[in-house]
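Numbering (my numbering), first residue to last: 192 to 437.
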């Protein structure tokens, strides 16, 4: 059998590379790339936020939540008020009116109302980057009056919606907020764009002082509802400012 002899590699010069070394045969990985091709740029090393010495960009503060009640008698337009301005689909707890409510739940002769709120309405609207209103509509019937204390807890103010043709229905709401000491604004809902009485006569009939704002608005119009809510905010801010000074 013939023997196989390894090839005779030339002897490497002193201080040089051996001819059969990987570096000599395949070249150094650090050698320059062939002409015409750019060397790949290695990715930057990972650094956690703030490690480079620059402070992270602060996130904007969330808007301040403010709770506002939309109150009033039965069928005066509270659910319509919340739905007209809410930026989300409003939460409603409407139930069909039945014959059991005849003589008890009277929405008035001008109303085609067939449902009634049995718990509350809920909606929200962002005023600006610093303020967001959460609107809670109260039930109008006297038998749901026990819920008002819970709904009023933490509220900044209230809009008492009034039907000028049925002023008697709003007396309980005004009495409630006067006893609770909660700032409120009387908003007279202009059904069909007109009022049964002028604002001065309505203020006299309700026996509210001049310190209580009384405004006319349309519960179906978003901008009209917005203006009424801004009056509530102004009233609450004025109340808070006076209390801080005392």
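Heads up, the beta-carbon is just placed ideally off N, CA and C, and yes, glycines get one too.
Straight-line Cα distance separating residue j from residue i
i, j, result
"residue 416", "residue 377", "12 angstroms"
"residue 262", "residue 248", "43 angstroms"
"residue 409", "residue 353", "11 angstroms"
"residue 389", "residue 359", "16 angstroms"
"residue 321", "residue 232", "45 angstroms"
"residue 437", "residue 330", "35 angstroms"
"residue 423", "residue 325", "13 angstroms"
"residue 319", "residue 234", "42 angstroms"
"residue 420", "residue 273", "11 angstroms"
"residue 276", "residue 315", "8 angstroms"
"residue 271", "residue 391", "25 angstroms"
"residue 394", "residue 406", "10 angstroms"
Beta carbon proximity, residue i to chain C, threshold 9 angstroms
i, result
"residue 417", "Absent here is chain C; the protein component of the structure consists of one chain."
First and last residue of the uninterrupted alpha helix (DSSP H) at residue i
i, result
"residue 329", "Where residue 329 is concerned, there is no enclosing alpha helix (DSSP H), given that its DSSP letter is neither H nor E."
"residue 391", "390–397"
For residue i, the three-state DSSP class (helix, strand or coil)
i, result
"residue 281", "coil"
"residue 341", "helix"
"residue 426", "helix"
"residue 359", "helix"
"residue 274", "helix"
"residue 431", "helix"
"residue 265", "coil"
"residue 416", "helix"
"residue 322", "strand"
Residue span of the beta strand (DSSP E) that contains residue i, given as start and end
i, result
"residue 368", "Here residue 368 belongs to no beta strand (DSSP E); instead the alpha helix (DSSP H) covers 362–371."
"residue 316", "312–319"
"residue 410", "It is not in any beta strand (DSSP E) - residue 410 carries neither H nor E in the DSSP assignment."
"residue 376", "375–380"
"residue 348", "348–354"
Inter-residue CB distance, residue i and residue j (contact presumed, cutoff 8 angstroms)
i, j, result
"residue 361", "residue 266", "Not confirmed; about 11 angstroms, so no contact."
"residue 368", "residue 351", "7 angstroms"
"residue 365", "residue 397", "6 angstroms"
"residue 371", "residue 260", "Wrong, their Cβ atoms sit about 10 angstroms apart, outside the cutoff."
"residue 313", "residue 327", "6 angstroms"
Residue of the options minimising C-alpha distance to residue i
i, options, result
"residue 404", "437, 375 and 322", "375"
"residue 383", "392, 337, 268 and 399", "268"
"residue 317", "419, 407, 279 and 400", "279"
"residue 429", "236, 348, 253 and 258", "348"
"residue 402", "426, 340 and 391", "426"
"residue 282", "393, 407 and 311", "311"
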